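In the numbering used here, the protein residues as written are 18 to 109.
Just so you know, even glycine gets a beta-carbon here, dropped at the ideal spot from N, CA and C.
Model, not experiment: these values are computed from the prediction.
Report on the following structure.
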């Protein structure tokens, strides 16, 4: 079965999500931004979600994680929790 590892940043607005994405694309470290801004407890680990399989995350998340280019920031991705920036770090 497919497995992926990813990290994310969760915020409440699309505008904030876009601003943080611009900071990361401008050279800021993803993990540092996650620790400063993510509303998810995983933010304390730089947004690291560990390894998981299809169906273990909400559908909007799964769709991106199992199709996106590796090590490239994706988003904003809207879910019931808010707006996410995602970075898939590995996939098998």
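Residue closest to residue i, alpha-carbon to alpha-carbon, out of the options
i: residue 100; options: 18, 32, 19, 53; result: 32
i: residue 88; options: 61, 106, 71, 82; result: 106
i: residue 109; options: 71, 53, 59, 38; result: 71
i: residue 91; options: 52, 34, 30; result: 34
i: residue 30; options: 75, 54, 79; result: 54
C-beta atoms of residue i and residue j nearer than 8 Å
i: residue 57; j: residue 27; result: yes
i: residue 3; j: residue 77; result: Residue 3 is absent from the model: the chain starts at 18 and stops at 109.
i: residue 67; j: residue 48; result: no
Beta bridge counterpart(s) of residue i as assigned by DSSP
i: residue 23; result: 105
i: residue 28; result: 100
i: residue 68; result: 22
i: residue 89; result: Residue 89 pairs with nothing; no bridge assigned.
Alpha carbon of residue i to alpha carbon of residue j, nearest angstrom
i: residue 95; j: residue 45; result: 22 Å
i: residue 84; j: residue 65; result: 18 Å
i: residue 61; j: residue 81; result: 23 Å
i: residue 51; j: residue 21; result: 19 Å
i: residue 38; j: residue 19; result: 27 Å
i: residue 98; j: residue 74; result: 12 Å
i: residue 36; j: residue 43; result: 11 Å
N- and C-terminal bounds of the alpha helix (DSSP H) containing residue i
i: residue 78; result: 76-82
i: residue 53; result: 47-54
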